[in-house]
Amino acid sequence: MSIITQSFTNLETKAGSDAESDKVQEDNEVFNSWSGKKGRKKSKWEIPTSPTVYPYEQLWKSFRARSFSGAEASVSSHPCILFHAKLYVFATTYLIEPLRIQCLESLHRDLCGFSLNRETTPLILDLLDFTHAHTGRYEPGGTSLLRNLVIHYVACKVRRLLDDDRLQMLLDADGEMGSDLVWRLAK
1 MSIITQSFTN LETKAGSDAE SDKVQEDNEV FNSWSGKKGR KKSKWEIPTS PTVYPYEQLW
61 KSFRARSFSG AEASVSSHPC ILFHAKLYVF ATTYLIEPLR IQCLESLHRD LCGFSLNRET
121 TPLILDLLDF THAHTGRYEP GGTSLLRNLV IHYVACKVRR LLDDDRLQML LDADGEMGSD
181 LVWRLAK
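Residue numbers (the UniProt record's numbering): 1 to 187.
Following this line, the structure appears as structure tokens:
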């Protein structure tokens with residue numbers, strides 16, 4: 001038993017009145033709570049903790065909530081996600097705004113329903129590579145909507161994509177891609 005604990009115990013036994021004894025007991029409980037003993041009382045001033053919300057869940061919710069002003073995209077049983085990106089680049093080159101928006105809507109719909117696994121990871125990495133190779137950060141009208149959409153999806157699924165060594169090679173080769181990804185993860 002430590003010296004401080006002995007002194008508290010001695011004080012408790014020497015206390016003459018019940019009020020003093022209660023005070024010493026209270027001080028003893030405070031001391032025991034500092035020493036890390038289990039079973040201590042909860043503080044009256046303890047702040048209630050809110051449920052933990054993981055950043056990847058928030059990213060996924062924000063990705064799914066994205067919307068575009070074009071017509072709603074029809075459902076495809078076999079989506080070709082790279083086709084949407086190629087068509088988007090064509091529409092941007094020739095300034096066909098309704099087609100650009102429709103490509104984004106279709107790509108978003110397909111990515112929301114995309115089953116990402118070891119076999120389909122290369123498709124997403126091909127999309128990421130193509131997007132950063134054929135678009136700039138800025139396009140007519142502002143930032144690249146395709147880049148923003150693709151990097152948002154990659155940020156949501158980065159844990160699964162890390163299993164493929166090609167992701168690291170892509171990030172090493174293209175500094176903009178890496179900075180876009182970090183920016184989206186930190187946002």
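Beta carbons are placed, not taken as given, at the ideal position from N, Cα and C, and that holds for glycine.
Have a look at the DSSP bridge pairing and note the partners of Glu139.
Here residue 139 is taken as the residue at index 139 of the sequence shown, counted from 1. The partner list for Glu139 (beta bridge, DSSP) reads Gly142.
Give the secondary structure of Asn148 by DSSP, where H, G and I count as helix, E and B as strand, and everything else as coil.
Position 148 of the sequence shown, counting from 1, holds the residue named residue 148. Looking at Asn148 - three-state DSSP - the assignment turns out to be helix.
Express the C-alpha separation of Asp165 and Thr143 in angstroms, rounding to a whole number.
In the sequence shown, counting from the first residue as 1, residue 143 sits at position 143. In the sequence shown, counting from the first residue as 1, residue 165 sits at position 165. Rounded to whole angstroms, the separation of the alpha carbons of Asp165 and Thr143 is 29 Å.
Need the endpoints of the alpha helix (DSSP H) that Glu119 sits in, please.
Residue 119 sits at position 119 when you count from the first residue of the sequence shown. Following the DSSP letters along the chain, one finds Glu119 in no alpha helix (DSSP H), marked with neither H nor E.
Helix, strand or coil, according to DSSP, for Pro98 in the structure here?
If you number the sequence shown from 1, residue 98 lands on position 98. If DSSP states are grouped into helix, strand and coil, Pro98 belongs with the helices.
Check for me: the alpha helix (DSSP H) holding Ser179 runs from which residue to which?
The count along the sequence shown starts at 1 and reaches residue 179 at position 179. It spans Gly175 to Ala186 - the alpha helix (DSSP H) in which Ser179 sits, taken as one unbroken run.
Three-state class that DSSP yields for Arg109 in the structure shown
Working through the sequence shown from its first residue, we reach residue 109 at position 109. If DSSP states are grouped into helix, strand and coil, Arg109 belongs with the helices.
Contact between the stretch 164 to 180 and the stretch 77 to 89 is defined here as three or more beta-carbon pairs at a separation below 8 Å; is this criterion met?
With a cut-off of 8 Å, the stretch 77 to 89 and the stretch 164 to 180 do not count as touching, because too few Cβ pairs lie within range.
Specify the secondary structure class of Arg66 as computed by DSSP and reduced to three states.
In the sequence shown, counting from the first residue as 1, residue 66 sits at position 66. Three-state DSSP puts Arg66 in coil, outside helix and strand.
Taking a contact to mean a Cβ-Cβ separation below 8 Å, would you say Leu104 touches Leu145 in this structure?
By one-based count along the sequence shown, residue 104 stands at place 104. By one-based count along the sequence shown, residue 145 stands at place 145. In this structure, Leu145 lies closer than 8 Å to Leu104 by Cβ.
Looking at C-alpha atoms only, which residue of Tyr94, Gly141 and Tyr88 is the closest neighbour of Leu127?
Position 127 of the sequence shown, counted from the first residue, corresponds to residue 127. Of all alpha-carbon atoms in Tyr94, Gly141 and Tyr88, the one lying nearest the alpha-carbon of Leu127 is that of Tyr88.
Cβ-based neighbour list, residue 189, same chain, cut-off 7 Å, excluding 5 preceding and 5 following
Only positions 1 to 187 of the chain appear in this structure, which leaves residue 189 out of reach.
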